[in-house]
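Residue numbers (the numbering used here): 1 to 212.
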């Protein structure tokens, strides 16, 4: 059962969702194994050349595969990547694919909390959204929570933010960390003063729309 919602570690990751980036010049998604779960998306750093409708069609085709559990990572980065209008265009297309395929969204959010909250309010998605690798302050996290987002914590996180979090919205990830996900969850559990292992397992199951 999934407990690592977002990892860039190589296959196999039996308890993790491996994130694969779709780029115009990349064959990364061709390496996907049928026995592994993945997320697939266009990272906001790679959105300079994503106006080709064929690339979005390719994303939807790959994302429709049964071993793709989520869409992303995608998102908004105010410090890096394409101009904002293009990042917004690409992100909206990811939301549309997420809704069409009924798969959750994993989001890269750098200084764009207000934008993400606004997009969620305007687009009214039915699928869950997760802000991955969150390190921000409690107020920002609570705004995202109120908008309906989940928050995923990795090796580096703000303890005050985690302390303020409702347990039903907490997810965990390794991302690019070398630490085992169990170690990361142990650190999260210490801050919350409770064992979060099964809580995070159940949250991951619900987030990914797994029914069994």
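A virtual CB, placed ideally from N, CA and C, is assigned to each residue, including glycine.
Small disclaimer: the values here were computed from a predicted structure and weren't measured.
inquiry  = Since residue 152 and residue 173 should fall inside the 8 Å C-beta cutoff, what is the C-beta to C-beta distance between them, to a whole number of angstroms?
reply    = Along the chain shown, one-based indexing puts residue 152 at 152. Along the chain shown, one-based indexing puts residue 173 at 173. Going by Cβ atoms, the distance from residue 152 to residue 173 rounds to 5 Å, so yes, they are a contact pair.
query = Which same chain residues, not among the five before or five after residue 166, have their C-beta less than 8 Å away from its C-beta?
reply = Walking along the chain shown from the start, residue 166 turns up at place 166. Excluding sequence neighbours, residue 166 sits near 145.
key: According to DSSP, residues forming a beta bridge with residue 68   = Locating residue 68 in the chain shown gives position 68, counting from the first residue. Partner(s): 38.
ask   = So with Cβ pairs under 8 Å, would you call residue 199 a contact of chain D?
value = Checking the listed chains, one finds no chain D in this structure; it contains a single protein chain.
message = How far does the alpha helix (DSSP H) with residue 147 in it extend, from its first residue to its last?
response = Looking up residue 147 in the chain shown gives position 147. Note, residue 147: alpha helix (DSSP H), 138-147.
key: Contact check, residue 214 vs residue 133, beta carbons under 8 Å   = Here the chain covers residues 1 to 212 and nothing more, so residue 214 does not appear.
task = Can you tell me which of the three DSSP states residue 29 falls into?
result = Start at 1 with the first residue of the chain shown, and residue 29 comes out as number 29. Helix at residue 29.
ask   = Where does residue 31 land, buried or exposed, given buried means 16+ other C-beta within 10 angstroms?
value = Start at 1 with the first residue of the chain shown, and residue 31 comes out as number 31. Classification for residue 31: exposed.
query = How long is the line joining the alpha carbons of residue 24 and residue 82, rounded to whole angstroms?
reply = Taking the chain shown and counting its residues from 1, the one referred to as residue 24 is at position 24. Taking the chain shown and counting its residues from 1, the one referred to as residue 82 is at position 82. Taking the straight line from one Cα to the other gives about 15 Å.
request  = Go through the stretch 94-143 residue by residue and report every complete run of the alpha helix (DSSP H) that reaches 4 residues or more, in order.
outcome  = 113-123
query = When you compare only the Cα positions, how much space is there between residue 69 and residue 190?
reply = Working through the chain shown from its first residue, we reach residue 69 at position 69. Working through the chain shown from its first residue, we reach residue 190 at position 190. Taking the straight line from one Cα to the other gives about 29 Å.
ask   = Under a Cβ-count criterion, where at least 16 other Cβ atoms within 10 Å of its own Cβ denotes burial, should residue 75 be classed as buried or exposed?
value = Working through the chain shown from its first residue, we reach residue 75 at position 75. Classification for residue 75: buried.
message = Can you look up residue 77 in the DSSP assignment and give me helix, strand or coil?
response = Position 77 of the chain shown holds residue 77. If DSSP states are grouped into helix, strand and coil, residue 77 belongs with the strands.
ask   = Would DSSP call residue 151 helix, strand or coil?
value = Residue mapping note: residue 151 aligns to position 151 of the chain shown, counting from 1. Strand at residue 151.
query = In this structure, does DSSP put residue 57 in helix, strand or coil?
reply = The residue you call residue 57 lines up with position 57 of the chain shown. Reduced to three states, the DSSP call for residue 57 is helix.
query = For residue 119 versus residue 64, is the C-beta spacing smaller than 8 Å?
reply = Locating residue 119 in the chain shown gives position 119, where the first residue counts as 1. Locating residue 64 in the chain shown gives position 64, where the first residue counts as 1. For residue 119 and residue 64, no; Cβs fall outside 8 Å.
inquiry  = Is any non-hydrogen atom of the ligand PLP found closer than 7 Å to the C-beta of residue 74, if you look at the structure I gave you?
reply    = In terms of ligand content, the structure shown is empty, and the ligand PLP therefore cannot be addressed.
inquiry  = Please tell me whether residue 90 and residue 47 are closer than 8 Å, where the distance is taken between their beta carbons.
reply    = As a first step, residue 90 must be located in the chain shown, where it is residue number 90. As a first step, residue 47 must be located in the chain shown, where it is residue number 47. Yes, Cβ-Cβ distance for residue 90 and residue 47 is below 8 Å.
ask   = Tell me, which residues are paired with residue 7 by DSSP?
value = The residue given as residue 7 occupies position 7 in the chain shown. DSSP lists 18 and 175 as partners of residue 7.
request  = Inspect the beta-carbon positions of residue 108 and residue 159 and report whether they are closer than 8 Å.
outcome  = Translated into the one-based positions of the chain shown, residue 108 becomes position 108. Translated into the one-based positions of the chain shown, residue 159 becomes position 159. Their beta carbons are not under 8 Å apart, which means residue 108 does not touch residue 159 by this criterion.
task = Tell me whether the beta-carbon of residue 164 lies closer than 8 Å to the beta-carbon of residue 194.
result = One-based indexing of the chain shown puts residue 164 at position 164. One-based indexing of the chain shown puts residue 194 at position 194. The answer is no: Cβ separation not under 8 Å.
query = Bridge partners of residue 170, per DSSP?
reply = To locate residue 170, count along the chain shown from 1; it is residue 170. Residue 170 is bridged to 151.
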